[in-house]
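The structure under discussion appears below in the form of structure tokens.
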Amino acid sequence: MTTRAPLIQVEQTPNPDALRLLPGIRWLSGPPVEIAPGDASAKAPLAAVLLAIDGIDRIMIGPDFVTAIRRSATFPWSGLKPQLLAGLADFLFSGEPALPGSLLPEPLPPAEGGLVAEQIVNVIERHVRPMLARDGGEATLLRFDAASGIAYVRMGGACGGCPSGKTTLKQGIEQAIKRYVPEVVRVEAATDEAGPSADSRARVRSWIAARWPRFNPAAGRSSPS
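Here it is, written out as structure tokens:
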């Protein structure tokens, strides 16, 4: 008896440094998870296999896809693609979970901005995330500034560093958010200071520092004036 090799589709994305691979199965519930070497999640079976490939900078595991982002164009896809396909096929044959619950990253603190921020997050989950997933991308609201009406969104996966990222942000994400949340004047790109490779404690410290600049989380007290 022979075992049929899994049919894995490979799609180009608008980002020349990112590929989207579709294994034909659904392996994750919830939002996509971006993983870089050094993350706790990098120990997950799927991440460990793909991040071991020289030239792969990070991956993003979505509900039914994985986006692989290369370090630079000096690593041609002609060499990386066969390794990605072989690694993904071996993983699928193993029957292991893509991202065990014990290795799921802790959720980020709620985005700043109160009720309006909650509404923006809902729009991203319902309307923006499915649109970006088709290109192997992701978007996360970091904060909403009520005074200026600006929503700061971090783009990840294939959207992170994509040459057409600004167009996607303005013509896709901004229009969708403004349609449903009139309090939003515009959407700006933001970089998560903690980054995908930082641990959850660093992300929490970054969030606290942004919200209460005078508070020093490391020392547990307010900084002197």
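Each residue of the sequence shown is one higher than the one before, counting from 5 in my numbering.
Idealized CB from N, CA, C, for every residue including glycine.
Item, Value
"Hey, how far is the Cα of G199 from the Cα of I177?", "In this prediction, G199 scores a pLDDT of 44, lower than 50, which makes its location untrustworthy; no coordinate-derived value is stated."
"Buried or exposed: which applies to N19, given that a residue is buried once 16 or more other Cβ atoms fall within 10 Å of its Cβ?", "buried"
"Give the C-beta separation of L145 and A121 to the nearest angstrom, bearing in mind that I take them to be a contact with Cβ-Cβ under 8 Å.", "6 Å"
"Using the C-alpha atoms, what's the distance from D139 back to G165?", "13 Å"
"How would you write the range of the alpha helix (DSSP H) that G83 sits in, first residue to last?", "81 to 98"
"How would you call S45, buried or exposed, if buried means at least 16 neighbouring beta carbons within 10 angstroms?", "buried"
"Skipping 5 residues on each side, what residues in its chain have a beta carbon closer than 8 Å to that of A143?", "I128, V132, R133, L136, V157, R158, M159, G160, C163, I177"
"Inspect the beta-carbon positions of I12 and L103 and report whether they are closer than 8 Å.", "no"
"Would you identify the three-state DSSP class for T17, choosing helix, strand or coil?", "coil"
"Of the residues Y184, A193, V188, which one's Cα is nearest the Cα of T172?", "A193"
"Closest to P35 by CA distance: which of K85, L55, M64, D43 is it?", "M64"
"Could you give the C-beta distance for G153 and V188, rounded to a whole number, given that I count them as a contact under 8 Å?", "6 Å"
"In chain order, what residues of the same chain lie with their CB nearer than 7 Å to the CB of V185, ignoring the 5 residues before and after it?", "V120, Q123, I124, V127"
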